[in-house]
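**Student:** Input: one structure, supplied below.
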Amino acid sequence: MTVSLKTAIFPMAGRASRLMPLTKAVNKALLPIYDKPLLHWALNEARACGIERFVFVVNEGDRSPVDYVRTDENLLAYFRNKKDQPQAEAMVDFLQDLSFFERRATLVAQKTPKGLGDAVLCAADYVEGMPFAVILVDDFIYSAKEGCLQQLQRGWQTQGGAWVALQEVAAEDVHRYGIMAVDEDKREQGNDKAIGYRAAGIVEKPSVAAAPSRLAVVGRYILPFEIMGLLRQTQVGAGGEVQLTDALAAYRQEGGALYGLPFTGRRFDCGCLDGWREANRALGGQ
Ligand code: G1P
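Residues in the sequence shown are numbered consecutively from 25, following our numbering.
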């Protein structure tokens, strides 16, 4: 029996200090990439996997993701009556389409900024004891064919366990990422060539000297529910934060199967100005 993936968690709390002043009053997930906010790209990627619950973990008081997915009946009526305005029809379709997300959206506050692991744990009550996806919205991954999460899903559906997206980074950048050591001999083939490597270790933000490889975890995960229990036991780690990577390391040490998938697609770090600009340049030219 195939277990389906129902829930995606979108950690969206934090200061986004690397993008100030753009993000002073706007959640970085709402910054535009070409013709829509980063968040919308991520929502579409999740929807393509059949996901039907979208959990946004935000700073207390931030309602921006649910405001964004609100159909807004007034706006809908406005565009319905503006048939002569170019784009009016497209806007009606767009607003109607949003209702898919609006009906399935949940907002959770992360009261104190204690890291990605803590943010994911804040959503524990909404995944109903089932496997779940995590999407880091500012890791924008453009793939003309199949989204990154869907590629992970194909591997996960065949092998189970925990799956993360991997990308090789320059040696000078390894200290910014979760880094995975892979067992080259243990390539597991999911359906239709979703080939993941069985992890031989994983560590958050190592120094170049301590890094087991240059394979960095980028912001797409499919995880079994037991990660939530492991997160509860996870001590504060790198950067003084509760790290999701540390819970994944514990999962592996307890015998869990952790896989890394070098995905097809182009990833942009939209958590910083250069990456965000580059993404817009790349898509603007399509
Ligand atoms: C987070 C994760 C890290 C991962 C990275 C991908 O780090 O903790 O393991 O490699 O996202 O973007 P952050 O960017 O929040 O410091």
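Note that the Cβ used here is the ideal one computed from N, Cα and C, for glycine as well.
Since the structure is predicted, the reported quantities are computational estimates derived from the model, not experimental observations.
Judging by CA-CA distance, which residue of 273, 297, 62 and 120 is the nearest neighbour of residue 254?
**Tutor:** 273
**Student:** Express the C-alpha separation of residue 222 and residue 215 in angstroms, rounding to a whole number.
**Tutor:** The pLDDT assigned to residue 215 is 48, lower than 50, so where the model puts this residue is not dependable, and the model offers no usable value.
**Student:** On the premise that residue 126 lies in contact with residue 94, defined as a C-beta separation below 8 Å, what is that separation, rounded to the nearest angstrom?
**Tutor:** 6 Å
**Student:** Tell me whether the beta-carbon of residue 331 lies closer than 7 Å to the beta-carbon of residue 205.
**Tutor:** Limits of the chain in this structure are 25 at one end and 310 at the other, which puts residue 331 out of reach.
**Student:** Please check the pair residue 300 and residue 55, which I expect to be a contact at CB under 8 Å, by giving their CB distance rounded to whole angstroms.
**Tutor:** 6 Å
**Student:** Could you tell me if the beta carbon of residue 102 falls within a distance shorter than 6 Å of some heavy atom in ligand 1?
**Tutor:** no
**Student:** Write down the C-beta distance between residue 161 and residue 63 rounded to the nearest angstrom, noting that I regard them as a contact closer than 8 Å.
**Tutor:** 6 Å
**Student:** Expressed to the nearest angstrom, what Euclidean distance is found between the alpha-carbon atoms of residue 282 and residue 45?
**Tutor:** 38 Å
**Student:** Going by the DSSP bridge assignment, what does residue 80 pair with across the sheet?
**Tutor:** 34 and 131
**Student:** For residue 61, is the classification buried or exposed, using 16 other Cβ atoms within 10 angstroms of its Cβ as the cut-off for buried?
**Tutor:** buried
**Student:** Measuring from the CB of residue 269, is there a heavy atom of ligand 1 at a distance below 6 Å?
**Tutor:** Yes, the Cβ of residue 269 comes within 6 Å of a heavy atom of ligand 1.
**Student:** For residue 251, which of helix, strand or coil comes out of DSSP?
**Tutor:** helix
**Student:** Assess contact between the segment 166-173 and the segment 280-294, defined as three or more Cβ pairs (one per stretch) separated by less than 8 Å. Is contact present?
**Tutor:** yes
**Student:** Helix, strand or coil: how does DSSP classify residue 45 here?
**Tutor:** coil
**Student:** Is any heavy atom of ligand 1 found at a distance shorter than 6 Å from the C-beta of residue 201?
**Tutor:** yes
**Student:** Assign residue 123 to one of two classes, buried (16 or more other C-beta atoms within 10 Å of its C-beta) or exposed (fewer than that).
**Tutor:** exposed
**Student:** Sort out for me which residues DSSP pairs residue 292 with in a bridge.
**Tutor:** Beta-bridge pairing links residue 292 to 164.
**Student:** Run through DSSP, which three-state label would residue 27 get?
**Tutor:** coil
**Student:** Examine ligand 1 and report whether any of its heavy atoms sits within less than 6 Å of the Cβ of residue 163.
**Tutor:** yes
**Student:** With a threshold of 16 other CB atoms inside 10 Å of the CB of residue 25, please say whether the residue is buried or exposed.
**Tutor:** Reliability of the predicted coordinates at residue 25 is poor, the pLDDT of 43 falling under 50, and the value obtained from them is presented with this limitation in mind. By the neighbour-count rule (16 or more Cβ atoms within 10 Å), residue 25 is not buried but exposed.
**Student:** Measuring CB to CB, does residue 198 end up less than 7 Å from residue 238?
**Tutor:** It is a contact, given that the beta carbons lie within the stated cut-off.
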